[in-house]
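One structure below.
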Amino acid sequence: MPLDKSTPQMPDTTDEDRRRVLLAADPREAIGRCDPGDADLIMSDALAKMRAGRPVPPLMNAMDEARNWAAMASLFEIKAYALACYNAMPPKDQAAFLVYVSGRDTRGR
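Read in the working numbering, the sequence shown has 108 at position 106, and its numbers run on one by one without any break.
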């Protein structure tokens, strides 16, 4: 896409940055003019194609497989699976998990 005088002025950006902004503007405008139901389908389909999908069963080490999957997953997927996994834990494991991720003991120690 050629950059010309109609290209938005964006100081401290590269031609590639400006090109990406221009490419993103057309679909955003088109989706914004769609019927909300159609827009939902279009965006859901696009997001589905960008996702890593569900994690595969671990072949060797579950933590290594989880790290590999998380490196490919979208932020939406990571949050969804993290919350679902947390909610599936027994309360004792939830407490231990919170201690681990927060770096402190939730019992006040």
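Using N, Cα and C, we set each Cβ at its ideal position, and we do this for glycine too.
This structure is a prediction, so every number in the text was calculated from the model and none was measured.
Practice item. Pick helix, strand or coil for ASP17, following the three-state DSSP scheme. Key: Taking the first residue of the sequence shown as position 1, residue 17 is located at position 15. DSSP places ASP17 in helix when its eight states are reduced to three.
Point to revise | Nearest to ALA54 (by Cα), restricted to the options TYR102, LEU100, ALA27, MET74 | key: Residue mapping note: residue 54 aligns to position 52 of the sequence shown, counting from 1. When each option's Cα is compared against that of ALA54, the closest is MET74.
**Study point:** Simplified DSSP state of GLY34, which is helix, strand or coil
**Key:** Taking the first residue of the sequence shown as position 1, residue 34 is located at position 32. In the structure shown, GLY34 sits in a helix (DSSP, three-state: H, G or I).
Review point. Can you tell me whether VAL79 is buried or exposed, with buried defined as 16 or more other CB within 10 angstroms of its CB?
Key: Here residue 79 refers to the residue found at position 77 when the sequence shown is read from its first residue. According to the sequence as given, residue 79 is Glu; it is not Val. With 16 or more other Cβ atoms within 10 Å, it is buried.
Review point. If you follow the alpha helix (DSSP H) that PRO93 is part of, which residue opens it and which one closes it?
Key: Counting from one through the sequence shown, the residue named residue 93 turns up at place 91. Note, PRO93: alpha helix (DSSP H), 93-104.
Review point. Are ALA68 and PRO57 closer than 8 Å when you measure CB to CB?
Key: As a position in the sequence shown, residue 68 is number 66, starting the count at 1. As a position in the sequence shown, residue 57 is number 55, starting the count at 1. Yes.
Check your understanding: Which same chain residues, not among the five before or five after LEU43, have their C-beta less than 7 Å away from its C-beta?
Key -> Counted from its first residue, the sequence shown places residue 43 at position 41. Answer for LEU43: no residue qualifies.
Exercise for review: Could you tell me the distance, in whole angstroms, from the CA atom of ARG85 to the CA atom of GLN96?
Suggested key: In the sequence shown, counting from the first residue as 1, residue 85 sits at position 83. In the sequence shown, counting from the first residue as 1, residue 96 sits at position 94. Checking the sequence, you will find Leu at residue 85 rather than Arg. Near 11 Å, if we compare the C-alpha coordinates of GLN96 and LEU85.
Review point. Does the separation of the CB atoms of ALA41 and ILE33 fall below 8 Å?
Key: Counting from one through the sequence shown, the residue named residue 41 turns up at place 39. Counting from one through the sequence shown, the residue named residue 33 turns up at place 31. Cβ atoms of ALA41 and ILE33: closer than 8 Å.
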